[in-house]
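In the numbering used here, the protein residues as written are 1 to 321. Below is one structure; the comments refer to it alone.
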């Protein structure tokens, strides 16, 4: 029986020598559980975990690796919900995050795992087993997509992986690292300071807070009727725009006018709504507009814009994998 838990997804890569386990670091996903781990923004060190939760994750990793008789690499994905730690899946192998966590911690996981597979012990290789000390900087792994090159692909995120690459932002400040990661992924704001928000009903409350923050940065906000109503009721200055099937000028005309920086569109249920959302997202991507389909990604973007002076950053500051 499956059950969906609303919580933070956590990921760990570790090396086990059959007796002891080395954990370079704990990674936390910005998007809540439900988005494929390869399409989520990953943060090291984890930001929202209590010491007790970190200790639980360390203990679960050790017990799982030993119970599965792992000699070498192991990857585990967890959900943390209300301080409870749940296991999503355990993979007794390498994962896509191994190069990332190796780079940002300075611990060469693959060479270590190789030596362990050949019979070496973690302590003999000069490392103390357990969760290693966290770095004093922040590293953000950002997925990179190629939707503009893949015709007719729906860009909405879900349990199926859709990213085609990733980039890395590193800085002493969390929001600066996040900003660098967004730039590395090709999201450069602002240009025109015009944006569209169209979200499903369950996301409207969070969308209001996001809209207020974008408004404070000087953005002009456009929205279709349902979202516009929710924003207006919260005293957000919003310009209502017509739906696709309505007469021009409508939301599609707005996108094709090349004056929109960003579209925040969370997919709705139902054939008609799904089709409209797909048309909006596809036309936005093909017009060069940045599109976000997860509320948590939008929160991360506005936080990075609020707390980073883009004039002080250059593309040379961006580290890419």
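Glycine included, every Cβ here is placed at the ideal spot set by N, Cα and C.
Using the three-state DSSP reduction, which class does residue 283 fall into: helix, strand or coil? helix
Going by beta carbon distance, what residues of the same chain come within less than 7 Å of residue 161, once the five residues before and after it are set aside? 36, 38 and 39
Burial state of residue 217, where buried means 16 or more other Cβ atoms lie within 10 Å: exposed
Exposure label - residue 202; buried when at least 16 CB within 10 Å: exposed
Report yes if the CB atom of residue 178 is closer than 8 Å to the CB atom of residue 48, and no otherwise. no
Under a Cβ-count criterion, where at least 16 other Cβ atoms within 10 Å of its own Cβ denotes burial, should residue 77 be classed as buried or exposed? buried
With a floor of 4 residues, list each alpha helix (DSSP H) that falls wholly inside the segment 212 to 271, ordered by position along the chain. 225 to 233 and 251 to 256
Endpoints, the beta strand (DSSP E) within which residue 169 is located: 165 to 171
Smallest Cα separation from residue 156: which of 20, 291, 307 and 11? 291
Helix or strand or just coil, what does DSSP make of residue 277? helix
Taking the alpha-carbon positions, what's the residue 45 to residue 100 distance? 12 Å
Helix, strand or coil: how does DSSP classify residue 71 here? strand
Check whether the segment 228 to 238 and the segment 250 to 270 touch, using three or more Cβ-Cβ pairs below 8 Å as the test. no
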